[in-house]
Amino acid sequence: MATFDADTSGGVGHGLASWYGAALAGPLRGPLKQEHQGTAFFLASTRATEGAPRREFRPLATAWTAMREELLREPALAHVLFMRRPLGRPFVHLRSANIGSRPPNMGAQLLLGEAMGELDDPRFCGEVVRFLVAALDAVNPAFAWVGADGPATDDTNLDCVLNRRVRDSVREARNVLRGYSWTTVCPEQLSVRLGGPDALAATGAFHRVVPLSAGGVVLQATETVAEYTDNAVRDVFEALHPVLPPGMPQFDPAHPELRYFPADASRFGG
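Numbering-wise, this note's numbering comes out as the position in the sequence shown, counting from 1, plus 4.
Written as structure tokens, this is what we have:
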């Protein structure tokens, strides 16, 4: 999931186009070939506003240029849903919509569904992180995360366990980090406060630290998602706690899968 706001480099539309484009060039490269072969298909559409007619793009392989132009205009809703024949559960779902109850803030997601690889496979996990870097390198998003432990909504792990409203965490995203997971993206403003990429790498909390060319940094905690153990969660919390929101996390029974370190970041002393 990624959060784009008014301070996104190149604008929110640029962030959306980059997110979708990186997905089609990476995780969805194979499905695009299947669409061309007629063994699968995409449902792709946008809505300029929530009440506007839906504009569809088919086949996506040849209609992507037109969809990209529409994404640059910051549509209120957009999605790309990849289906296999016969019609069944979504294999991959790309979607974006207004977040925080007001534009220009937008949230974008890539839900891998049945395309999810093995969480202990370094190759699969590396490809996921490469997608994230490609999508956000020229963007400097307000926030982004990748993991198998978060809600498939606009909420982050900390929104849920700190009982924060999404609109508040989005509004404050460049002042306090919205959350953290197996891979977390800090915007430039927060990366600077943490000492920058070199200082973050020196903490030893991250397997990989990737500076983004437009600002911000991608922080991969462990080589694979499966290795993101409780000790790794604590290491990430310790490294990021100066920019995390205050408050004592409370277990959320609606989301028992959430991973977090049970401490108040504002009172944490190591």
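Glycine included, C-beta positions come from ideal geometry on N, C-alpha and C. Please read all numbers here as calculations on a predicted model, not as lab measurements.
- The residue from Ala258, Ala152, Asn161 and Arg77 with its alpha-carbon nearest to that of Gly14 is Arg77.
- Between the segment 33-46 and the segment 79-87, the count of Cβ pairs shorter than 8 Å is three or higher; the stretches touch.
- Residue environment analysis places Phe255 among the exposed positions, since fewer than 16 neighbouring C-beta atoms fall within 10 angstroms of its C-beta.
- When rounded, the separation of the alpha-carbon atoms in Pro201 and Gly42 is 45 Å.
- Under DSSP, the beta-bridge partners assigned to Val214 are Val222.
- Ranked by Cα distance from Leu166, the options Tyr264, Asp11 and Ala152 are led by Tyr264.
- The beta carbon of Ala101 sits closer than 6 Å to the beta carbons of Leu81 from its chain, once the five residues preceding and following it are set aside; these are given in chain order.
- Under the three-state reduction of DSSP, Gly111 is assigned to strand.
- Looking at the DSSP output, Phe128 bridges to nothing.
- The C-beta of His40 has fewer than 16 other C-beta atoms within 10 Å across all chains shown, which makes the residue exposed.
- In this structure Asp159 is buried. Its beta-carbon is surrounded by 16 or more other beta-carbon atoms within 10 angstroms.
- With fewer than 16 neighbouring CB atoms inside 10 Å of its own CB, Asp234 falls in the exposed class.
- Residue burial is scored here from C-beta neighbours: Gly208 has fewer than 16 other C-beta atoms within 10 angstroms and is therefore classed as exposed.
- Counting the other Cβ atoms within 10 Å of the Cβ of Asn179 gives fewer than 16, which makes it exposed.
- The three-state secondary structure of Phe8, taken from DSSP, is strand.
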